[in-house]
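>
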Amino acid sequence: MEEMGEMIGKGFGVWRSNLNLCIPFLLSAFVTTLLAL
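Just add 34 to wherever you are in the sequence shown, counting from 1, and you've got my numbering.
So this is what it looks like as structure tokens:
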């Protein structure tokens, strides 16, 4: 159970550091989806 918490903590740290890289991609994907509709 503790190992699972450590994995989630590390994964969350990586996600936080990668968030700035992901935001433009998510926005472009969202806009593309709207245009497709």
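Ideal Cβ positions, reconstructed from N, Cα and C, are used throughout, including at glycine. Keep in mind it's a predicted model, so treat the numbers as computed, not measured.
Helix, strand or coil, according to DSSP, for Leu53 in the structure here?
On the sequence shown, residue 53 is found 19 positions in, with the first residue counted as 1. The answer is helix: DSSP assigns Leu53 an H, G or I state.
> How many angstroms separate the CA atom of Phe59 from the CA atom of Ala70?
Here residue 59 refers to the residue found at position 25 when the sequence shown is read from its first residue. Here residue 70 refers to the residue found at position 36 when the sequence shown is read from its first residue. Distance between the alpha carbons of Phe59 and Ala70 is about 16 Å.
> Compute the Euclidean distance between the alpha carbons of Gly47 and Glu40, then round it to the nearest angstrom.
Within the sequence shown, numbered from 1, the residue matching residue 47 stands at position 13. Within the sequence shown, numbered from 1, the residue matching residue 40 stands at position 6. Going from the Cα of Gly47 to the Cα of Glu40 covers about 11 Å.
> Alpha carbon to alpha carbon, how far is Ala63 from Cys56?
Along the sequence shown, read from residue 1 onward, the residue named residue 63 stands at position 29. Along the sequence shown, read from residue 1 onward, the residue named residue 56 stands at position 22. Those two C-alpha atoms are separated by around 11 Å.
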